[in-house]
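Working notes, structure below.
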Amino acid sequence: TWTMVNIVEEQIDKIRTQIGDRGQAICGLSGGVDSAVAAAIVQRAIGDRLTCVYVDHGLMRKGETEQVERDFVAATGVDLKVVNAEKQFLDALVGVSDPEEKRKIIGREFIRVFETAEAEILADAVSGDDGDKVAFLVQGTLYPDVVESGGGAGASNIKSHHNVGGLPDDLEFELVEPLRTLFKDEVRLMGEQLGLPAEIVHRQPFPGPGLGIRIIGEVTRERLDILREADAIAREELTRAGLDRDIWQMPVVLLADVRSVGVQGDGRTYGHPVVLRPVTSEDAMTADWARLPYDVMERISTRITNEVSEINRVTVDVTSKPPGTIEWE
Ligand code: XMP
Numbered sequence: 199t200w201t202m203v204n205i206v207e208e209q210i211d212k213i214r215t216q217i218g219d220r221g222q223a224i225c226g227l228s229g230g231v232d233s234a235v236a237a238a239i240v241q242r243a244i245g246d247r248l249t250c251v252y253v254d255h256g257l258m259r260k261g262e263t264e265q266v267e268r269d270f271v272a273a274t275g276v277d278l279k280v281v282n283a284e285k286q287f288l289d290a291l292v293g294v295s296d297p298e299e300k301r302k303i304i305g306r307e308f309i310r311v312f313e314t315a316e317a318e319i320l321a322d323a324v325s326g327d328d329g330d331k332v333a334f335l336v337q338g339t340l341y342p343d344v345v346e347s348g349g350g351a352g353a354s355n356i357k358s359h360h361n362v363g364g365l366p367d368d369l370e371f372e373l374v375e376p377l378r379t380l381f382k383d384e385v386r387l388m389g390e391q392l393g394l395p396a397e398i399v400h401r402q403p404f405p406g407p408g409l410g411i412r413i414i415g416e417v418t419r420e421r422l423d424i425l426r427e428a429d430a431i432a433r434e435e436l437t438r439a440g441l442d443r444d445i446w447q448m449p450v451v452l453l454a455d456v457r458s459v460g461v462q463g464d465g466r467t468y469g470h471p472v473v474l475r476p477v478t479s480e481d482a483m484t485a486d487w488a489r490l491p492y493d494v495m496e497r498i499s500t501r502i503t504n505e506v507s508e509i510n511r512v513t514v515d516v517t518s519k520p521p522g523t524i525e526w527e
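Start counting the sequence shown at 199; every next residue gets the next number (the UniProt record's numbering).
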């Protein structure tokens, strides 16, 4: 719309004014809409003085890394550095089943990988006498995040970046938050306006630790592949049924340590169950279990058990939040 064009142009102008010609910007992409829109706006403002970093932790859903690597880059022309760190994450997660432990490890490895990439980019950018002495960090902070943290979202975020090694002492970090005054709906409209891929603009919420917290039990490459297939089928059928906007999100959870007997094809199987967790919600603080149409559940169940040989049962979680959380871990 006309007003959305204005809002986009206004934000681009603001960023141009803030950054001027003072330095280089870095933005971490998560695969979600907020960081994608923030990056696209800054790219429009300062072009290739922005470098985006995408950490592939191996815990993404099917196709999501390609959406960032290929489609987002094609749509924005952004300068992207992809760090493939799957092995590092999976090695760190060996033998770990505890949910909090998983989150801690994934968060820790993420910061390590991101800061290394960041240091490499900035070391290149600031080398030489007339190098830039300001590094701008782009973040997709939304208005509700600002309010929730008492307006201090930025200040607390910047600290973790103060101890990046290998950089000049006089290099300053400054936050750039182009979405600070916006709500999610507005961000999605901006994403459309900026021509970003629909899969990114309309992606439902997905946790930072990714599929790592949707495998109940130890996280392995093999289990991730099984869950990725089941999840892709469930998402495809939800979309086909036209339910993406009605359902807040629908985690698919692999009960990797549970087995049950079944009959599939020619004989007895001893496979794993998955849980569908469709919920409706306004803000994820509370949620209601979604009454998915039976025929949609049936199609998902039939396809998953036919197409993913390791899975022989599909169950549905009918717990609201509270008492259950949306995710299982
Ligand atoms: P819960 O499971 O607490 O989830 O009801 C509420 C919402 O937050 C998402 N979620 C996360 N998002 N990092 C994130 O960025 C996380 O560690 C994380 N854990 C949960 C979840 O998908 C839901 O939308």
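Glycine included, C-beta positions come from ideal geometry on N, C-alpha and C.
Less than 7 angstroms separating the beta-carbons of residue i and residue j?
i, j, result
"A237", "L392", "no"
"G338", "D232", "yes"
"M448", "V206", "no"
"R247", "Q216", "no"
"T379", "Y341", "yes"
"G229", "V266", "yes"
"I509", "E435", "no"
"Q209", "P376", "yes"
"I502", "V512", "yes"
"L335", "F371", "yes"
"I213", "V235", "no"
"A439", "V494", "yes"
"E427", "V324", "no"
"V516", "W487", "yes"
Once you ignore the five residues that flank residue i on each side, which residues in its own chain have a CB closer than 6 angstroms to its CB?
i, result
"K519", "T484 and A485"
"C250", "C225, L227, A237, V276 and L278"
"L409", "L257, L422 and L425"
"V281", "V253, V311 and A315"
"W446", "V477, T478 and S479"
Is residue i helix, strand or coil by DSSP?
i, result
"G460", "strand"
"S354", "With a pLDDT of 43 at S354, under the threshold of 50, the modelled position of that residue is not reliable, and no figure is offered here."
"A283", "coil"
"E390", "helix"
"F334", "strand"
"G229", "coil"
"K519", "strand"
"Q447", "strand"
"P471", "strand"
"T314", "helix"
"Q222", "strand"
"R401", "coil"
"A430", "helix"
"R511", "strand"
"R501", "helix"
"G465", "strand"
"V206", "helix"
"E370", "strand"
"V344", "helix"
"L452", "strand"
"V494", "helix"
"I413", "strand"
"A485", "strand"
"V477", "strand"
"A439", "coil"
Can you determine whether any heavy atom of the ligand XMP sits closer than 6 angstroms to the C-beta of residue i, and answer yes or no?
i, result
"I309", "no"
"A482", "yes"
"G408", "no"
"P403", "yes"
"E316", "no"
"I524", "yes"
I'd like the list of long-range same chain contacts for residue i, defined as Cβ closer than 7 angstroms, with 5 residues on each side in sequence excluded.
i, result
"R457", "Y468, G469 and H470"
"A290", "I303 and E307"
"P297", "I411 and E527"
"V451", "R412, I414, V472, V473, R475 and W526"
"R386", "V231, V399 and H400"
"A273", "G393, L394 and P395"
"residue 554", "The question about residue 554 has no answer, for the chain in this structure spans 199 to 527."
"E284", "D254, H255 and G256"
"S295", "G415 and E416"
Could you pull out every residue in the same chain whose Cβ sits closer than 8 angstroms to the Cβ of residue i, ignoring the five residues on either side in sequence?
i, result
"D368", "K331"
"G218", "none"
"A430", "R259, K260 and G261"
"V203", "Q391"
"S354", "Because the pLDDT at S354 is just 43, under 50, the model does not fix this residue reliably, and the point stays unresolved."
"D442", "H400, Q402 and L436"
"G463", "none"
Report whether the distance from the Cβ of residue i to the nearest heavy atom of the ligand MN is below 6 angstroms.
i, result
"A430", "For the ligand MN, the structure offers nothing, since it holds only the ligand XMP."
If you scan the region 245-289 from start to end, which runs of the beta strand (DSSP E) of 3 or more residues do you find wholly inside it? 248-254 and 277-282
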